[in-house]
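Data block below; observations after.
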Amino acid sequence: MDFIGECVNKLQDYDEDDFRSRPGKYKSRPRSKDRPKFENALTGLVITVDRGRFTVHLNEPNEIDIYAVKARELGRKGVVVGDLVEIVGVDINNSENMARIVKVMERKNSLQKSADDSESNERSLVSNIDMVAIVVATADPEPNPRLIDRTIIAARLANAQPLIIATKTDISSSQTLSDIYQALDIPVVSISKNSELDELLDILKDKTTVLIGPSGVGKSTLVNRLVPDAQRRTGAVNDVTGQGKHTSTSAFALRIDAKTWIIDTPGIRSFGLAHASADEILAGFPDLMQATTKCSKGCSHQDTSCAIEAAAFENPVLLPRLDSFRRLLVSLEQADG
Ligand SMILES: Nc1nc2c(ncn2[C@@H]2O[C@H](COP(=O)(O)OP(=O)(O)OP(=O)(O)O)[C@@H](O)[C@H]2O)c(=O)[nH]1
Ligand SMILES: [Mg+2]
Ligand SMILES: [Zn+2]
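In the numbering used here, the protein residues as written are 415 to 751.
If you want it as structure tokens, here you go:
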């Protein structure tokens, strides 16, 4: 597009209401290229995103949820659950009335995921999170070690603390999961439908935590227990395929208390890491990293001469981790090539 065309487009993106001078008071206000200032804007937290419609939670004036759309001037800028935004046009007497999001505050971080390991299609799932809770069912569906490891790497890349919540411990034990991941200083909290949640609540306290995991592992079931009026829909796992039915279709932030938030998300099948480098991948495997000090220079970590393999012989707990690490390296190499 030529320069003039671009300018015309930009102008069209501005919302005319924002420039309309109020009679009298702002009569002499010049039309400027500067962004208009929204003096009556309120700051809130995006708690849901649904096809261009947002729900924004306002602490002030009175803990209310407001529906909003994006102001045209935001253009294509993405707004995700967890974003702090400024909104105008709030009608607290009628929360059905659409307000407009005019500004997205700078994000502390965001959890990035790409559809696969090739570049170009990565997107933010949620923002401003302290913790990524990887929800893993001990069975039904079976744990997926590679998905777990990828999610840990994504959490670390976002500077968020990874945590594993092992669910359905009434069906099978979470011991193996605990053995593997507690050795990496990743807390593993085991729960079932009726278990006490005190230990988990302690870890979640005063933080914003996003639940990530495949469909059917029990994310929404847990959220409903943590936030009794949440009323998130849950769905049984398919008997034939052993997979969940993707019951939740969009991310949803819920408040446990004034400073504690939990974000339920739709089940994921994979976690693309196009944005991660080989070093960042290795940092997701601190247990394996130790062993690499004995690797020969330039070791590809892919063949039998690799020191990680010797370490895994001594300590079989490392075997699935090594497998997961190698698959990640191969997948990312292929995506690069
Ligand atoms: N046995 C057992 N079943 C559970 C437990 N937690 C959840 N379930 C069942 O697992 C099924 C899936 O639960 P959901 O909470 O809908 O799973 P989800 O992770 O939210 O799934 P999506 O929204 O599709 O991503 C439901 O039938 C739940 O009743 C548990 O601790 N033990
Ligand atoms: Mg769900
Ligand atoms: Zn090696």
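Beta carbons: idealized from backbone N, C-alpha and C, even for Gly.
Per DSSP, the bridge partner or partners of residue i
| i | result |
| --- | --- |
| residue 469 | 462 and 481 |
| residue 577 | 547 |
| residue 706 | Its beta-bridge partners do not exist; DSSP assigns none. |
| residue 513 | 482 |
| residue 498 | 459 |
| residue 536 | 528 |
| residue 686 | 528 |
| residue 560 | Per DSSP, none; premise fails for residue 560. |
| residue 671 | 674 |
| residue 518 | 499 |
| residue 541 | 524 |
Near ligand 1: residue i beta-carbon under 7 Å from a heavy atom
| i | result |
| --- | --- |
| residue 650 | yes |
| residue 630 | yes |
| residue 691 | no |
| residue 634 | yes |
| residue 681 | yes |
| residue 469 | no |
| residue 582 | yes |
| residue 658 | yes |
| residue 627 | yes |
Local conformation of residue i per DSSP, three classes
| i | result |
| --- | --- |
| residue 661 | coil |
| residue 678 | strand |
| residue 737 | helix |
| residue 732 | helix |
| residue 746 | helix |
| residue 695 | helix |
| residue 722 | helix |
| residue 700 | helix |
| residue 568 | helix |
| residue 453 | coil |
| residue 487 | helix |
Residue i Cβ short of 7 Å to ligand 2 heavy atom set
| i | result |
| --- | --- |
| residue 607 | no |
| residue 646 | yes |
| residue 664 | no |
| residue 413 | As shown, the chain starts at 415 and ends at 751. That puts residue 413 outside it, with no answer to give. |
| residue 554 | no |
| residue 678 | yes |
Any non-hydrogen atom of ligand 3 closer than 7 Å to residue i Cβ
| i | result |
| --- | --- |
| residue 706 | yes |
| residue 721 | yes |
Rounded Cβ spacing between residue i and residue j (contact assumed at less than 8 Å)
| i | j | result |
| --- | --- | --- |
| residue 571 | residue 600 | Contact flag wrong, Cβ pair sits at about 15 Å. |
| residue 632 | residue 681 | The Cβ separation is near 10 Å, so there is no contact. |
| residue 531 | residue 687 | 6 Å |
| residue 674 | residue 612 | In fact, because the Cβ distance is near 14 Å, the residues do not count as touching under 8 Å. |
| residue 495 | residue 667 | 5 Å |
| residue 594 | residue 731 | 6 Å |
| residue 635 | residue 676 | Residue 635 to residue 676, Cβ: 13 Å. No contact. |
| residue 565 | residue 587 | Not a contact, Cβ separation roughly 22 Å. |
| residue 541 | residue 497 | 5 Å |
| residue 458 | residue 480 | 7 Å |
Closer than 7 Å: residue i CB and nearest ligand 5 heavy atom
| i | result |
| --- | --- |
| residue 585 | What this structure holds is ligand 1, ligand 2 and ligand 3, not ligand 5. |
Start-end ranges of the alpha helix (DSSP H) lying completely within the region 581-665, minimum 4 residues: 589-596, 612-618 and 633-640
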